[in-house]
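Mapping of the sequence shown onto UniProt numbering: position 184 corresponds to residue 184, and the numbering continues sequentially without gaps.
Every residue, glycine too, gets a C-beta built ideally from N, C-alpha and C.
Heads up, the thing below is written out as structure tokens.
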Amino acid sequence: METNSQWIEIDSADGAFGAYLSLPRGGKGPGIVLLQEIFGVNQHIRNVADQYAADGYVVLAPDLFWRHGARIELGYDEAGWQRAVELMQATDFAKAQQDISATLKVLRGLDGVSGKVAALGYCFGGRLSYHTAANGLVDAAVAYYGGGIQNALERAPEIKVPVLMHFGARDDHIPNEAVKRIAETFEHNEQVEIHVYDDAEHGFNCNHRASYQQRAAAAAHGNTLVFLSELL
């Protein structure tokens, strides 16, 4: 993939934090703020950033765990899972949203960003993507297996921009009943699109995980590209 990537610093009220920037060939395109899983801005998230940069987007992935250590990067083994859950539970959700707001300000200000910007998040980042849309900070949002969205449906009336959600039918972290509740809540909002992938588990997009499912990952990526191309 012909992309140009680097870490940059973003200023916040609490100090500076890092964000992984990946530029498309030519350096210009619509913007995406990429929101991490609970494993940090690890190799998988950087690969996703580079993938969407290759698709023509300027992608910026903030390090949302920076208050607990800069650029924490975890794997998917038992130790990685344990530390990831600890970090997620220790993260101040309001401050994470402030960090996303600061990241979006930088993203919109980049010379290469033309037009609109979207939030794209996975797992923990999927939930944050939903809240970023509800906060009115982006022009569109994509949430992959966003755990916890079903517990924040009181924010549904605040969703005024197009949102695309991806879920796996065999996700043992997000019950089918939760997905059903989300779908029912947004049933009359034509801007919200929900896809459920048969035989896909939690994390089906991540080829670093045992739950990776190539077919679901390809279909979801294609659906996301169509969605973003129509809106940004």
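Nearest-angstrom Cβ-Cβ length linking His188 and Gly147, presumed shorter than 8 Å: For this step, residue 188 is matched to residue 188 along the sequence shown. For this step, residue 147 is matched to residue 147 along the sequence shown. Rounded, the Cβ-Cβ distance is 24 Å, inconsistent with contact.
Reduced DSSP secondary structure (H/G/I, E/B, other) of Asp11: Counted from its first residue, the sequence shown places residue 11 at position 11. In the structure shown, Asp11 sits in a strand (DSSP, three-state: E or B).
Of the residues Lys105, Lys116, Gln51 and Gly18, the one placed nearest Ser229, counting alpha carbons only: Taking the sequence shown and counting its residues from 1, the one referred to as residue 229 is at position 229. Taking only the C-alpha atoms, the option nearest Ser229 is Lys116.
Coarse secondary structure for Leu228, derived from DSSP in three states: Mapped onto the sequence shown, residue 228 falls at position 228. Leu228 falls in the helix class under three-state DSSP.
Reference Asn4, options Ser12, Tyr20, Gly15 and Asp11, closest by Cα: Looking up residue 4 in the sequence shown gives position 4. Selected option, being the one with the closest Cα: Tyr20.
Burial state of Asp99 (16 or more Cβ within 10 Å): Position 99 of the sequence shown, counted from the first residue, corresponds to residue 99. Label assigned to Asp99: buried.
Outcome for Ser129 when other beta-carbon atoms lying within 10 angstroms are tallied against a minimum of 16: Here residue 129 corresponds to residue number 129 of the sequence shown, with the count starting at 1. The residue in question, Ser129, is buried, as its Cβ has 16 or more Cβ neighbours within 10 Å.
Val179, enclosing alpha helix (DSSP H) - first and last residue: Counted from its first residue, the sequence shown places residue 179 at position 179. Run containing Val179: Asn176 to Thr185, per the alpha helix (DSSP H) assignment.
Neighbour flag for Ser114 against chain B, beta carbons, 8 Å: Protein chains in the displayed structure number just one, and chain B is not present.
His131 burial status per 10 Å Cβ neighbour count (16 or more: buried): As a first step, residue 131 must be located in the sequence shown, where it is residue number 131. Counting Cβ neighbours within 10 Å, His131 comes out buried, since at least 16 surround it.
CB contact flag (residue 237, Ile149, <8 Å): With the chain running from 1 to 232 in the structure shown, residue 237 is simply not present.
Local conformation of Ala152 per DSSP, three classes: Your numbering for residue 152 matches position 152 in the sequence shown. Coil, per DSSP.
Cβ-Cβ distance between Gly125 and Glu37 below 8 Å: Looking up residue 125 in the sequence shown gives position 125. Looking up residue 37 in the sequence shown gives position 37. Yes, the pair counts as a contact, with Cβ atoms nearer than the cut-off.
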